[in-house]
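Undergrad: Per my numbering, the very first residue in the sequence shown carries number 1457; after that it's consecutive. Using N, Cα and C, we set each Cβ at its ideal position, and we do this for glycine too.
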Amino acid sequence: MFFTFPGFDANGHRHARESRKQLVAMGLLPKLQSEFTALDCTIDDRRSTEKGYYVELCFRIVAMTESGKRPELVDSWSVTWTRQLLSNIKERLVISGIGSEGLCNDFQLVNTT
């Protein structure tokens, strides 16, 4: 799971990126990793494809197949739609999408019964 902090608010102003990153790094990631021990969570500041598009936070979930392929299964990001719709700068919305076609192509259903 990769988290990225683009560093800009809805108006294009720089925000307190480091403090938000610290909250995730010290609060959210340890909880996720203690609950899901096989999960590898990292903060990736090198990703640049979403900078300037995603507002505060984006994350993606990547799985590894038996052959070592690493398809991206989930992409999620914060958006400003509810802020604009409700005219309230405090509104936050995170949306996610899962690539079901890739999931079905890269992984097989295992019967556990």
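Does DSSP put LEU1479 in a helix, in a strand, or in coil?
TA: As a working note, residue 1479 is residue 23 in the sequence shown. Note: LEU1479 maps to helix in three-state DSSP.
Undergrad: Label GLN1564 either buried or exposed according to how many other C-beta atoms from any shown protein chain fall within 10 Å of its C-beta, with 16 as the threshold for buried.
TA: Indexing the sequence shown from 1 puts residue 1564 at position 108. Per the 10 Å Cβ criterion, exposed.
Undergrad: If you count every other CB in all the chains shown that lies within 10 Å of the CB of CYS1599, and 16 or more means buried, which is it?
TA: This structure does not reach residue 1599, given that the chain is present from 1457 up to 1569, and the question cannot be answered.
Undergrad: Report, in whole angstroms, the separation of the C-beta atoms of LEU1529 and THR1538, which I expect to be a contact under 8 Å.
TA: Against the sequence shown, residue 1529 aligns to sequence position 73. Against the sequence shown, residue 1538 aligns to sequence position 82. The Cβ separation is near 25 Å, so there is no contact.
Undergrad: Run through DSSP, which three-state label would PHE1458 get?
TA: On the sequence shown, position 2 is the one that residue 1458 refers to. A caution first: PHE1458 carries a pLDDT of 49, below 50, which makes its placement in the model unreliable, though a value can still be read off. PHE1458 falls in the strand class under three-state DSSP.
Undergrad: For CYS1514, which three-state DSSP category applies?
TA: For the purposes of this step, residue 1514 is taken as residue 58 along the sequence shown, with counting starting at 1. Strand, per DSSP.
Undergrad: Between VAL1535, LEU1484 and GLN1540, which lies nearest to ILE1551 when the distance is taken from Cα to Cα?
TA: Residue numbering aside, residue 1551 sits at position 95 when the sequence shown is read from its first letter. When each option's Cα is compared against that of ILE1551, the closest is VAL1535.
Undergrad: If you follow the alpha helix (DSSP H) that GLU1522 is in, where does it begin and where does it stop?
TA: Position 66 of the sequence shown, counted from the start, is the residue given in the question as residue 1522. No alpha helix (DSSP H) holds GLU1522; DSSP gives it neither H nor E.
Undergrad: Could you say which of THR1498, SER1490, ASP1531 and SER1523 lies nearest to ASP1562 if we only look at CA atoms?
TA: If you number the sequence shown from 1, residue 1562 lands on position 106. If we check each option's Cα against that of ASP1562, SER1523 comes out closest.
Undergrad: Put LEU1485 into one of helix, strand or coil per three-state DSSP.
TA: Taking the first residue of the sequence shown as 1, we reach residue 1485 at position 29. Of the three classes helix, strand and coil, the one that applies to LEU1485 here is helix, per DSSP.
Undergrad: Closest by CA to GLY1555, which one among LYS1525, SER1490, ILE1499 and VAL1518?
TA: For the purposes of this step, residue 1555 is taken as residue 99 along the sequence shown, with counting starting at 1. Answer by Cα proximity: VAL1518.
Undergrad: For the alpha helix (DSSP H) holding GLY1553, just list the boundary residues, first then last.
TA: Counting from one through the sequence shown, the residue named residue 1553 turns up at place 97. No alpha helix (DSSP H) contains GLY1553, which is instead part of the beta strand (DSSP E) from 1549 to 1554.
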